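Peer 1: My questions all concern the structure below.
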Amino acid sequence: MLVEEMSYLVGTRVLLWRLEEEPQQLLALCREQGIPVEDLMELPAKRQREKAAERLLLCRAFGRPVTLLHDGQGAPSVQEMDMNVSITHTMKLVALAWNEEHVIGLDAEQCDRGQVIKVRDKFLNAAEQQFIHVDDLAAHIIAWTAKEAIIKSERNSALDWTEGIILEPFSVGADETCMTAHCGRNCYRLASRLLEGHYITLAVPVTGEYNKEA
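Per the working numbering, the very first residue in the sequence shown carries number 10; after that it's consecutive.
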């Protein structure tokens, strides 16, 4: 079901869909709104649910059914529309972010996914491991989603997670965790919120002028 729409950094809008329905229910909802689903019929049930919810979110965001395209890195765009979009899926949630002016990256992860700590050496560099305590699950998940969101914004899945993306020290906030990160020549602002049992993190590359205003 559609959960809510909210505002994130620099006017980015984010829509959430909690995956409670069976695939056939979501497909029926799509048909009611004139959203094509014939191409989804041969997909596994899990993918049907994700893609149908994704199309319902896009229809809600833009007021009509739209066609989603993907480039060679898998990054999405909306056909015949000058809009930056990013989409993330988990087993229980689909989230869509869109912004007319800024490139964005969105990622989500369940807040209880303890496996992230077990692979901290794979995505945290030595400096980050100093300020992210080994027992702080929330900080690990936020860091993971932050780096994944930056990879989506950069449209470069080959980025080195440890040394290619550098997080500055941050503290987990009660309502929102704000971060700064660097990837190559780009500086990023990030915001992460705990919603629907997930940390949902948005990354936005910022100009020097925007940094001064922040």
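We put the beta carbon where it would ideally sit given N, CA and C, even for glycine. Everything numeric in this text was worked out from a predicted model, so none of it was measured.
Which first and last residues belong to the beta strand (DSSP E) in which T186 is found?
Peer 2: From DSSP, the beta strand (DSSP E) with T186 extends over T186 to C192.
Peer 1: M10: which of K101, D91, M50 and S86 sits nearest, CA to CA?
Peer 2: Out of K101, D91, M50 and S86, K101 has the C-alpha closest to the C-alpha of M10.
Peer 1: To which residues of the same chain is E177 closer than 6 angstroms at the C-beta, ignoring the five residues directly before and after it?
Peer 2: Only T189 meet the Cβ criterion.
Peer 1: How is D130 classed by DSSP in three states: helix, strand or coil?
Peer 2: The answer is helix: DSSP assigns D130 an H, G or I state.
Peer 1: Residues in the same chain with beta-carbon distance under 7 angstroms from H207, minus the five sequence neighbours each way, listed in chain order, please.
Peer 2: Excluding residues within five positions, the ones whose Cβ falls inside 7 angstroms are T99, L102, A117, E118, Q119 and C120.
Peer 1: Taking all protein chains shown into account, decide if E47 is buried (16 or more other Cβ within 10 angstroms of its Cβ) or exposed.
Peer 2: Its Cβ having fewer than 16 others within 10 Å, E47 is exposed.
Peer 1: At the level of alpha carbons, what is the spacing between K131 and D169?
Peer 2: Computed Cα separation, rounded: 9 angstroms.
Peer 1: Determine the contact status of E52 and E63, defining contact as a CB-CB distance below 9 angstroms.
Peer 2: Per the sequence presented here, residue 52 reads as Leu, with Glu not at that position. Against a cut-off of 9 angstroms, the Cβ pair of E63 and L52 comes out as no contact.
Peer 1: In the DSSP assignment, what are the bridge partners of P214?
Peer 2: In the DSSP output, where bridge partners are listed per residue, P214 has Y197.
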